[in-house]
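Peer 1: First to last, the protein sequences are chains A and B.
Quick note on numbering: UniProt numbering labels position 197 of the first sequence as 197, and the sequence is numbered without any gaps.
Quick note on numbering: UniProt numbering labels position 33 of the second sequence as 33, and the sequence is numbered without any gaps.
Next up is a structure, given as C-alpha cells.
2 protein chains.
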Amino acid sequence: MAEVKLYGWWSSPFTHRIEVALKLKGVEYEFISEDVRNKSPSLLKYNPVLKKIPVLVHNGKPICESLVILEYIDETWEVGPSLLPKDPYERAMVRFWAKLLDEKCFPAMRNAFLSIGEEQEKAKEESTELLKFLEGTLSGNKFFGGDTIGMVDIVANFISYWFIIVQELAGLQVLTKEKFPKLCEWMDEYLNSDIIRENLPHKDKLTAIYQARFLDAAAANAAVAGGGGSPK
Amino acid sequence: MAEVKLYGWWSSPFTHRIEVALKLKGVEYEFISEDVRNKSPSLLKYNPVLKKIPVLVHNGKPICESLVILEYIDETWEVGPSLLPKDPYERAMVRFWAKLLDEKCFPAMRNAFLSIGEEQEKAKEESTELLKFLEGTLSGNKFFGGDTIGMVDIVANFISYWFIIVQELAGLQVLTKEKFPKLCEWMDEYLNSDIIRENLPHKDKLTAIYQARFLDAAAANAAVAGGGGSPK
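Here is the structure:
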C-alpha cells in the first residue's frame, strides 16, 4: 500500500488545499503537524529550497508547493473526481486562475486585512478588482469547476473561509453579498459540500489565531505611525 | 488550419519561451509585436486581468502567462518533442522548478543586476544559493529535460542568455564556470541546439537595451543615495 504523508499545519489554507484534495480522491494519508517557527529536520530535508509547508511525501518522494501538489494528486490518483478538466484550454484556464489566486489575490487580500491607511485602501481596491474578475468566471456555474469541485475551488479556499473570518475581524466590507452575489453563492455551495464542511478548521480557533495576528499588525502599524520603532 | 497568434515583444525572455516551444513543436504562428509602453486594444482584450505579454491566441481563444502557455502547447500539439515528461512525479518536479525559476530566481537575478549596495549583495547571495540547487538537479544530464530540451530548459532561458549579458554589463561574477561548471555546460548545449541558436534575439541589440536599463537604474540609485529624489 502506498505511503502518503502530508507535512502541514492545521490553520494553513495551503495545507488545507492538500487535505481536501486527498479526501476528495479518497486517499488515506498521515498528517504530520509542522511547527512553522521550529521546522523539523524532515521538513528541511524534503523541502530544502523553500523550507515551507505543505509537503506531500509519496512513497518517500517529496512534492512541494500546493499548486504543484494538487496537479500531482490529480495525475497520480485517477480514482474519484478530477480536479482538473480534460480539455487543454480548460486546463489552461484552471492553471491561470490558480496562479492568479496565489500571486495576486492572496497578497492583496492579506494586505487589505493587515495594512492601514493608503496601503490598505490600495489593497482593498485591488482585491475588489480581482474579485470582480473571479465573479465573472462563475457565470451560472455552481463551482469554478462546473458542477463539481475542482482545483480553482480548492485553491480559492482562502477567499471562501479565511478571508470571511479576517474581514469580520478587521471590519472590512470588501466581499459582500451586495457586491459579489455569485461569489457568495459559490461560497455557500462550497462550504456546505460534504467533504469540505467536515474538514474545515474550527472557526473559533481560526478566529483566535487571526485576531492575535491582527492585533500584532495593528500594534506594529501604530508604532511605525508614531515613530516608536518596533512594538514591545 | 488552426490560427495561432503570439502577442509578444522580441527582447522578452517570457515571449521567447513561447516562440521556442512553438518552433520545437513545428507549429506555425503569427508574431504580433506589442509595445509594452503603449499596449494595443487586442492585448487588453485578451489579457484584461494582467494586461501583459506573452499571450497566445489559438483559434480566437487567449491563453496568458508563459508557464500556463507552455503546458497548453504541450497538451495541444502532441507532435514533436514533449516539453513535460509523462510520469506524474517528474511532471511535478518540472512544475516546481519552473515556478521557482519565475518566483525566486528571476527576481533575485534581476536585483543582482539592477540594485546596489546591501540589496545587491543580498540578491547576489540569494542568486548563488538558488543556482546551487539548480546545478544540483542537472546531475549528469545534458538538459534539465534529460537528453532533450524540456520545459525547465526553456523557462531557464533568462539564465542561459539574458543573465550572461547583464552579468557582463554589471561586472558581476555570479554565474561562472568555476562556481557552476554543470550549469555552464548546460548553457553551451542549450544555446548551441539548432532551434535555440537560430531564434535567439540578437546579442548586440539585447545588450544595448540592457545597457540603457542599467544606466537608468544606476542614475536612480545614485539619486536615491544622494538624497536627490527622482532622476531627471
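Heads up, the beta-carbon is just placed ideally off N, CA and C, and yes, glycines get one too.
Note down the Cα distance separating B/A92 from A/V174, rounded to an integer number of angstroms.
Peer 2: The count along the second sequence starts at 1 and reaches residue 92 of chain B at position 92. The count along the first sequence starts at 1 and reaches residue 174 of chain A at position 174. Rounded to the nearest angstrom, the two C-alpha atoms are 35 Å apart.
Peer 1: Quick one: which residues of the stretch 61-76 of chain B get their C-beta closer than 8 Å to a C-beta of chain A? List them in chain order.
Peer 2: Residues K61, I63, C64, E65, L67, V68, I69, E71, Y72, E75, T76.
Peer 1: Within the same chain, show all residues whose beta-carbon is closer than 7 Å to that of B/A2, passing over the 5 residues directly before and after it, in chain order.
Peer 2: Taking the second sequence and counting its residues from 1, the one referred to as residue 2 of chain B is at position 2. Cβ within range, chain order: H58, N59.
Peer 1: In chain order, what residues of the same chain lie with their CB nearer than 6 Å to the CB of B/N111, ignoring the 5 residues before and after it?
Peer 2: As a first step, residue 111 of chain B must be located in the second sequence, where it is residue number 111. A123.
Peer 1: Please report whether the beta-carbon of B/Y89 lies at a distance below 7 Å from any beta-carbon of chain A.
Peer 2: On the second sequence, residue 89 of chain B is found 89 positions in, with the first residue counted as 1. Yes, because at least one Cβ of chain A sits closer than 7 Å to the Cβ of B/Y89.
Peer 1: For B/N47, tell me which candidate among A/R197, A/L84, A/W97 has the shortest Cα-Cα distance.
Peer 2: Counting from one through the second sequence, the residue named residue 47 of chain B turns up at place 47. It is A/W97.
Peer 1: Taking Cβ-Cβ distances shorter than 9 Å, what residues in chain B pair up with A/K5?
Peer 2: As a working mapping, residue 5 of chain A is identified with position 5 in the first sequence. Within 9 Å Cβ-Cβ: nothing; A/K5 doesn't reach chain B, min ~15 Å.
Peer 1: Measuring CB to CB, does B/K5 end up less than 7 Å from B/E30?
Peer 2: For the purposes of this step, residue 5 of chain B is identified with residue 5 of the second sequence, where counting begins at 1. For the purposes of this step, residue 30 of chain B is identified with residue 30 of the second sequence, where counting begins at 1. It is a contact, given that the beta carbons lie within the stated cut-off.
Peer 1: When you compare the stretch 30-39 of chain B with the stretch 167-184 of chain B, are there three or more beta-carbon pairs, one atom per stretch, that lie closer than 8 Å?
Peer 2: Touching, no.
Peer 1: Would you say B/R95 faces chain A, with C-beta separation under 7 Å as the test?
Peer 2: The count along the second sequence starts at 1 and reaches residue 95 of chain B at position 95. Cβ-Cβ to chain A under 7 Å: yes for B/R95.
Peer 1: Can you tell me which of the three DSSP states B/S230 falls into?
Peer 2: Mapped onto the second sequence, residue 230 of chain B falls at position 230. Because B/S230 sits at a pLDDT of 45, beneath the cut-off of 50, its placement in the model cannot be relied upon, and the point is left open.
Peer 1: Which residues, in order along the UniProt domain "GST C-terminal" (87-209) of chain A, keep a beta-carbon less than 7 Å from a beta-carbon of chain B?
Peer 2: Answer set for the UniProt domain "GST C-terminal" (87-209) of chain A: P88, Y89, R91, A92, R95, F96, K99, L100, F133.
Peer 1: Return the residues of the stretch 29-49 of chain B that lie within a Cβ-Cβ distance of less than 8 Å from chain A, sorted by chain order.
Peer 2: Answer set for the stretch 29-49 of chain B: P48, V49.
Peer 1: Should A/T15 and A/P62 be called a contact, given that it needs their Cβ atoms to be closer than 7 Å?
Peer 2: The residue labelled residue 15 of chain A in the question sits at position 15 within the first sequence. The residue labelled residue 62 of chain A in the question sits at position 62 within the first sequence. It is not a contact, given that the beta carbons lie outside the stated cut-off.
Peer 1: Could you check where the beta strand (DSSP E) with A/L6 kicks off and where it finishes?
Peer 2: Here residue 6 of chain A corresponds to residue number 6 of the first sequence, with the count starting at 1. Counting along the chain, the beta strand (DSSP E) containing A/L6 begins and ends at 4-8.
Peer 1: What residue range does the alpha helix (DSSP H) around A/C184 cover?
Peer 2: Indexing the first sequence from 1 puts residue 184 of chain A at position 184. 181-191 is the extent of the alpha helix (DSSP H) around A/C184.
Peer 1: Output the distance between the C-alpha atoms of B/E185 and B/F144, rounded to the nearest integer angstrom.
Peer 2: As a position in the second sequence, residue 185 of chain B is number 185, starting the count at 1. As a position in the second sequence, residue 144 of chain B is number 144, starting the count at 1. So the alpha carbons of these two residues sit roughly 12 Å apart.
Peer 1: Going by Cα to Cα distance, which pick from B/T137, B/I69, B/N221, B/E129 is closest to B/E119?
Peer 2: Counted from its first residue, the second sequence places residue 119 of chain B at position 119. Here the closest residue by C-alpha is B/N221.
Peer 1: Could you check the C-alpha separation between A/D188 and A/V155 for me, to the nearest Å?
Peer 2: As a first step, residue 188 of chain A must be located in the first sequence, where it is residue number 188. As a first step, residue 155 of chain A must be located in the first sequence, where it is residue number 155. Near 16 Å, if we compare the C-alpha coordinates of A/V155 and A/D188.
Peer 1: Would you kindly work out how many angstroms separate the C-alpha atoms of B/S82 and A/D74, rounded to a whole number?
Peer 2: Within the second sequence, numbered from 1, the residue matching residue 82 of chain B stands at position 82. Within the first sequence, numbered from 1, the residue matching residue 74 of chain A stands at position 74. Approximately 20 Å between the Cα atoms of the pair.
Peer 1: Taking 7 Å as the cut-off, decide whether the C-beta atoms of B/K25 and B/W77 are in contact.
Peer 2: On the second sequence, position 25 is the one that residue 25 of chain B refers to. On the second sequence, position 77 is the one that residue 77 of chain B refers to. Against a cut-off of 7 Å, the Cβ pair of B/W77 and B/K25 comes out as a contact.
Peer 1: Ignoring anything shorter than 4 residues, give me the alpha helix (DSSP H) runs that lie fully in the UniProt domain "GST N-terminal" (2-81) of chain A, in order along the chain.
Peer 2: You should have 13-25, 41-46, 66-76.
Peer 1: Am I right that B/L50 and B/D102 are in contact with their C-beta atoms under 8 Å? What's the rounded C-beta distance?
Peer 2: In the second sequence, counting from the first residue as 1, residue 50 of chain B sits at position 50. In the second sequence, counting from the first residue as 1, residue 102 of chain B sits at position 102. The pair is not a contact, with the Cβ atoms about 13 Å apart (cut-off 8 Å).
Peer 1: Pick out the complete alpha helix (DSSP H) segments inside the stretch 145-220 of chain B, 4 residues or longer, and give them in chain order.
Peer 2: Entirely contained in the stretch 145-220 of chain B, the alpha helix (DSSP H) runs reaching 4 residues are, in chain order, 151-155, 164-170, 181-191, 194-199.
Peer 1: Let me confirm a value: B/A225 is counted as buried when at least 16 other C-beta atoms fall within 10 Å, else exposed. Which label applies?
Peer 2: Looking up residue 225 of chain B in the second sequence gives position 225. Label assigned to B/A225: exposed.
Peer 1: Can you round the beta-carbon distance between A/R197 and A/L191 to whole angstroms, since I take them to be within the 8 Å contact cut?
Peer 2: Here residue 197 of chain A refers to the residue found at position 197 of the first sequence. Here residue 191 of chain A refers to the residue found at position 191 of the first sequence. That belief holds up - the Cβ atoms of A/R197 and A/L191 are roughly 6 Å apart, short of 8 Å.
Peer 1: Near B/S21, what residues of its chain come up, given a Cβ to Cβ distance below 7 Å and the 5 sequence neighbours on each side ignored?
Peer 2: Here residue 21 of chain B refers to the residue found at position 21 when the second sequence is read from its first residue. The question names Ser, yet the displayed sequence has Ala at residue 21 of chain B. If we look at B/A21 and ignore the five residues flanking it on each side, its Cβ neighbours are L70, I73, L83, I154.
Peer 1: Please report the distance separating the alpha-carbon of A/I149 from that of B/L215.
Peer 2: The count along the first sequence starts at 1 and reaches residue 149 of chain A at position 149. The count along the second sequence starts at 1 and reaches residue 215 of chain B at position 215. Using only the alpha carbons, I get a separation of about 51 Å.
Peer 1: Report buried or exposed for A/K99, applying the criterion of at least 16 other Cβ atoms within 10 angstroms of its Cβ.
Peer 2: In the first sequence, the residue the question calls residue 99 of chain A occupies position 99. By the 10 Å Cβ count, A/K99 comes out buried.
Peer 1: Can you give, in chain order, each stretch of the alpha helix (DSSP H) that sits fully within the stretch 95-121 of chain B and has at least 4 residues?
Peer 2: Fully enclosed alpha helix (DSSP H) runs of 4 or longer: 106-114.
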